[in-house]
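Novice: Residues 1 to 666 (full-length UniProt numbering) make up the sequence shown, in order.
Think of the CB as a built atom: it goes at the ideal place given N, C-alpha and C, for glycine as much as any other residue.
Dumping the structure here so I can ask a few things about it.
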Amino acid sequence: MSTIASLPSSSRIPPTTPRSATSATASTSATASTSKPTSSIPTVDSLTSDLNRSQLGGPLGEEGDDATSAPADPRSYKEQLLGIGVAPEADGDTTTGSSGGEERPSLATLLARRVLTHGGESVLLIGKERDGSDMPLSPEEYSTILSNVKDAAKEVGCEAAILLEKKEERKAWIMLRLIPTAPQDFVEIRVACVGNVDAGKSTTLGVLTKGGLDDGRGKARVNLFRHKHEIESGRTSSVGMELLGLTATGEHVMGIVGSKEEGRKLSWEEVCARSAKIVNFLDLAGHERYLRTTIGGLTANLPEYGMLMVGANAGLIGMSKEHLGVALALSIPVFVTITKIDMCPPQILEATIKQLSKVLRSPGCRKTPVFIENMEQVVDCALRLGTDRICPIFQISNVTGHNLDLLRSFLNVLPQSNISKYDAGKPFELQISDIFSVPFVGTTVSGVITSGSVKIGDSLLIGPDSLGQFIQTAVRSIQRKRVNVESAVAGQSASFALKRVRRNQVRKGMVMIAKSDVPPQAYLVFDAEILCLHHATTLSVGSCMVLHAAGIRQTVRITAIAKMDGSTTEDEAAASASSNANAGNSTASTAASGATTTTTTTLRAAGGGDEKPVIRTGDRARLRLQFIRSPEFVKPGVRLITREGRTRLIGRIAAYGAQRVMQRGG
């Protein structure tokens, strides 16, 4: 049995002392540990079996997702809402029950827990028990609960706004949202707008964020374009951003001021100052020529939701299916907006709806289309979008304004879908997605903070450069949506003005991380578990393609291929470990894995013998990939997409360095 050799030590850029013009004192100011590879690497089978696996609990009001329920509180949901069994102390806080010492917190405490658990906002359902059964309420009890919820929300600094109420059934959906105490204390969600060229993406965002309606000739989209040629052609060629502000009560902060200052747009600072929630739209390109820009925007900006635009008169054509596939591969929940229904004949609209429903129900998507027609569907689908296999569909017109109110309400209810993904307690890490050179300020980078927190004056490392080295820098200032802030935490998108860094020293795909005792490492070679979506012929050793992973966008070459069988052999693992030790690589492998004894995953090539392994459409394999240009900061578990023109492979980074051994079976 021949063995594909373990990653040589030369493929891993050795740790280097960060270069800086400052004294050594700055290098000891931060003490954060860098991320270590985990021993449990996700397989491609688990990756592709359910691309949109639930990240949150069940629907609100059910057992397990109801954050208002304390673990030791013996009371029912109805008793909690009515405030039964609570004996407040002099300071207004909670007390325990007289029997058994169970905790019986007040409704204000329960609501505070719920809102903080869900990232600053949550929807409370009145009229349903946690198991989904109806909650019997008299008119007096219903009125008491509504009054109690509003009073308790006010006590903890929240606004309680009724989204939907059914008085006959005595049911209500109430939005609880924290009232900001500073302009930067807003809830933020990121929504990527994708779809084929001429589907109406920029026009829809212009109508949603600026107010007013379109004239049918591109009036609403002009304010979103960043370049002159975009205005002239009417086509987006870069990643644009626009904000939709929402107050604590759910009212929309439009970008156009009233009659006193007609025509003046609100600045981002003014929108943030008036808003409790910000919907950050990413306006991506729809033309095939700019596919790499669109994929880079989806991978680097970490959107929580995707809004797929489909022209009613054109249907799901061109790059629409490509964008949908990329969003599904990245596990981004998607909802669809059918535009231009005012100019589309009924039979063409019906054909578009049938085509869209067929694609969503296909084995590649496995989504249930839900056509939104009322507010109850809006609330229900918004709360279930990130957890269930549903795809809400809106039919809108930017000229007549049809169903735009439902779409805005849907965006108001959409929760943060990946709160658990970001850990503010870990060392700081930022994926750089954009770079600027601001006059009189200096080099500025922006991106999404994936872990930790940072404040002005912190010393950080930025890299890797072409040699795999990291340089020292410090944070001069921080902005969120052009608003100056003192600090930023995981899950937020922010921009940072840096000290002692020139513009030509920074590129997209770099990371900015906290300093630690262990210098960070960059790698030229890494392993990836992939699924081949489509390829006209085959992929073999030596094939090159463009890799997108987080902020990284670089050409990679396949240096080894092994089909995955999921087996593990202890003898071969021990032999491989011994071989690595003789080669001088065991120390690096042990340090990376954090253990003295490791089990090596054995991967056998298809066909056996000396047959040259290749990858065809539908194959799952483990690849060894090498960056062509420069080393990158890669981490196991990061989703990746590779393409040759259009998308070809999806998967996850599995290992790097001399950590795993790939074997070709006989």
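Since C381 is in the alpha helix (DSSP H), which residue starts that stretch and which ends it?
Specialist: Along the sequence shown, one-based indexing puts residue 381 at 381. Start and end: M375 to R384.
Novice: Comparing C-alpha positions only, which one of H252, D388 and Q395 sits nearest to L308?
Specialist: In the sequence shown, counting from the first residue as 1, residue 308 sits at position 308. The candidate whose alpha carbon is nearest that of L308 is Q395.
Novice: What does DSSP give as the partner residue(s) for D283 in the beta ladder?
Specialist: In the sequence shown, the residue the question calls residue 283 occupies position 283. According to DSSP, D283 bridges with C193 and G240.
Novice: Is the Cβ-Cβ distance between S446 and Y422 less than 8 Å?
Specialist: Translated into positions along the sequence shown, residue 446 becomes position 446. Translated into positions along the sequence shown, residue 422 becomes position 422. No. Outside cutoff.
Novice: Going by Cα to Cα distance, which pick from E632, G83, G509 and T617 is closest to L524?
Specialist: As a working note, residue 524 is residue 524 in the sequence shown. When each option's Cα is compared against that of L524, the closest is E632.
Novice: Can you have a look at E188 and say buried or exposed, based on whether 16 or more other CB atoms are within 10 angstroms of its CB?
Specialist: Position 188 of the sequence shown, counted from the first residue, corresponds to residue 188. By the 10 Å Cβ count, E188 comes out buried.
Novice: Is A488 closer than 8 Å to V441 when the C-beta atoms are compared?
Specialist: Counted from its first residue, the sequence shown places residue 441 at position 441. Counted from its first residue, the sequence shown places residue 488 at position 488. Contact flag unset, no.
Novice: Write down the C-beta distance between V194 and L411 rounded to the nearest angstrom, noting that I regard them as a contact closer than 8 Å.
Specialist: The residue you call residue 194 lines up with position 194 of the sequence shown. The residue you call residue 411 lines up with position 411 of the sequence shown. The pair is not a contact, with the Cβ atoms about 16 Å apart (cut-off 8 Å).
Novice: With a Cβ-Cβ cutoff of 8 Å, do L243 and V207 count as a contact?
Specialist: For the purposes of this step, residue 243 is identified with residue 243 of the sequence shown, where counting begins at 1. For the purposes of this step, residue 207 is identified with residue 207 of the sequence shown, where counting begins at 1. In this structure, V207 does not lie closer than 8 Å to L243 by Cβ.
Novice: Around the C-beta of K612, are 16 or more other C-beta atoms found within 10 angstroms, so that it is buried, or is it exposed?
Specialist: As a first step, residue 612 is located in the sequence shown; it is residue number 612 there, counting from the start. That one is exposed.
Novice: Using alpha carbons as the reference points, say which of K167, K78 and L178 lies closest to P136.
Specialist: Here the question's residue 136 lines up with position 136 in the sequence shown. Nearest of K167, K78 and L178 to P136, Cα basis: K78.
Novice: Run through DSSP, which three-state label would L316 get?
Specialist: Position 316 of the sequence shown, counted from the start, is the residue given in the question as residue 316. Three-state DSSP puts L316 in coil, outside helix and strand.
Novice: Whole-angstrom Cβ separation of M510 and G463, contact assumed at under 8 Å?
Specialist: Here residue 510 refers to the residue found at position 510 of the sequence shown. Here residue 463 refers to the residue found at position 463 of the sequence shown. Contact holds; Cβ gap of about 6 Å.
Novice: Taking C-beta to C-beta, are F526 and I653 nearer than 8 Å?
Specialist: For the purposes of this step, residue 526 is taken as the residue at position 526 of the sequence shown. For the purposes of this step, residue 653 is taken as the residue at position 653 of the sequence shown. Going by C-beta atoms, F526 is nearer than 8 Å to I653.
Novice: Measuring only the C-alpha atoms, how far is G216 from T337?
Specialist: By one-based count along the sequence shown, residue 216 stands at place 216. By one-based count along the sequence shown, residue 337 stands at place 337. In a straight line, the C-alpha of G216 is about 17 Å away from that of T337.
Novice: With a Cβ-Cβ cutoff of 8 Å, do F281 and Y305 count as a contact?
Specialist: Numbered from 1 along the sequence shown, position 281 holds the residue referred to as residue 281. Numbered from 1 along the sequence shown, position 305 holds the residue referred to as residue 305. The Cβ atoms of F281 and Y305 do not sit closer than 8 Å to each other.
Novice: Going by the DSSP bridge assignment, what does C365 pair with across the sheet?
Specialist: For the purposes of this step, residue 365 is taken as residue 365 along the sequence shown, with counting starting at 1. Beta-bridge partners assigned by DSSP to C365: none are found.
Novice: So if DSSP puts W268 in a beta bridge, which residue, or which two residues, is it bridged to?
Specialist: Counting from one through the sequence shown, the residue named residue 268 turns up at place 268. W268 pairs with nothing; no bridge assigned.
Novice: Figure out for me which residue from T144, G245 and T117 has the closest Cα to the Cα of S267.
Specialist: On the sequence shown, residue 267 is found 267 positions in, with the first residue counted as 1. Closest by alpha carbon: G245.
Novice: Only counting the same chain, and skipping five residues up and downstream in sequence, which positions put a Cβ closer than 6 Å to that of Q416?
Specialist: By one-based count along the sequence shown, residue 416 stands at place 416. Excluding residues within five positions, the ones whose Cβ falls inside 6 Å are G119 and I189.
Novice: Output needed for A490: all residues of its chain with C-beta closer than 8 Å, excluding positions within five of it in sequence on either side, in chain order.
Specialist: Here residue 490 refers to the residue found at position 490 when the sequence shown is read from its first residue. For A490, where only same-chain residues beyond five positions count, the Cβ hits under 8 Å are Y422, D423, A424, K426, I449, T450, S451, G452 and S453.
Novice: Express the C-alpha separation of P139 and Q492 in angstroms, rounding to a whole number.
Specialist: Looking up residue 492 in the sequence shown gives position 492. Looking up residue 139 in the sequence shown gives position 139. When rounded, the distance between both Cα atoms is 43 Å.
Novice: According to DSSP, is L649 helix, strand or coil?
Specialist: Residue 649 sits at position 649 when you count from the first residue of the sequence shown. Three-state DSSP puts L649 in a strand.
Novice: Between which two residues does the alpha helix (DSSP H) holding K201 run?
Specialist: Start at 1 with the first residue of the sequence shown, and residue 201 comes out as number 201. Per DSSP, the unbroken alpha helix (DSSP H) holding K201 starts and ends at K201 to K210.
Novice: Report, in whole angstroms, the separation of the C-beta atoms of N313 and C344, which I expect to be a contact under 8 Å.
Specialist: The residue given as residue 313 occupies position 313 in the sequence shown. The residue given as residue 344 occupies position 344 in the sequence shown. Right, the Cβ-Cβ distance comes to about 5 Å (below 8 Å), so this counts as a contact.
Novice: Rounded to whole angstroms, how far is the Cβ of I628 from the Cβ of T555, which I believe are closer than 8 Å?
Specialist: Counting from 1 along the sequence shown, the entry for residue 628 is found at position 628. Counting from 1 along the sequence shown, the entry for residue 555 is found at position 555. Going by Cβ atoms, the distance from I628 to T555 rounds to 4 Å, so yes, they are a contact pair.
Novice: Within the same chain, show all residues whose beta-carbon is closer than 6 Å to that of F371, passing over the 5 residues directly before and after it, in chain order.
Specialist: In the sequence shown, counting from the first residue as 1, residue 371 sits at position 371. Closer than 6 Å at Cβ, skipping near neighbours: I393.
Novice: For the beta strand (DSSP E) that contains R557, what are its first and last residues?
Specialist: Counting from 1 along the sequence shown, the entry for residue 557 is found at position 557. Residues I552 to K563.
Novice: For the putative contact between L298 and M319, defined by C-beta atoms under 8 Å, what is the C-beta separation to the nearest angstrom?
Specialist: Locating residue 298 in the sequence shown gives position 298, where the first residue counts as 1. Locating residue 319 in the sequence shown gives position 319, where the first residue counts as 1. With a Cβ gap of about 12 Å, L298 and M319 do not count as contacting.
Novice: Can you tell me whether D151 is buried or exposed, with buried defined as 16 or more other CB within 10 angstroms of its CB?
Specialist: Residue numbering aside, residue 151 sits at position 151 when the sequence shown is read from its first letter. Exposed is the label assigned to D151, since fewer than 16 other Cβ atoms lie within 10 Å of its Cβ.
Novice: Residue range of the beta strand (DSSP E) that N394 falls in?
Specialist: Counting from one through the sequence shown, the residue named residue 394 turns up at place 394. Checking the sequence shown, residue 394 turns out to be Phe, not Asn. That run of the beta strand (DSSP E) goes I390 to Q395.
Novice: Give the single residue among L81, T473 and V123 whose Cα lies nearest to the Cα of A108.
Specialist: For the purposes of this step, residue 108 is taken as residue 108 along the sequence shown, with counting starting at 1. Closest by alpha carbon: L81.
Novice: Tell me where the alpha helix (DSSP H) around R480 begins and ends.
Specialist: Position 480 of the sequence shown, counted from the first residue, corresponds to residue 480. Run containing R480: none in the alpha helix (DSSP H); it sits in the beta strand (DSSP E), I471 to R480.
Novice: To the nearest angstrom, report how far apart P636 and A329 are at their CA atoms.
Specialist: Here the question's residue 636 lines up with position 636 in the sequence shown. Here the question's residue 329 lines up with position 329 in the sequence shown. Taking the straight line from one Cα to the other gives about 17 Å.
Novice: Return the bridge partner residues of T387 from the DSSP annotation.
Specialist: For the purposes of this step, residue 387 is taken as the residue at position 387 of the sequence shown. None; T387 has no bridge partner.
Novice: Rounded to the nearest angstrom, what separates H252 and S495 at their Cα positions?
Specialist: By one-based count along the sequence shown, residue 252 stands at place 252. By one-based count along the sequence shown, residue 495 stands at place 495. The straight-line gap from Cα to Cα measures roughly 25 Å.
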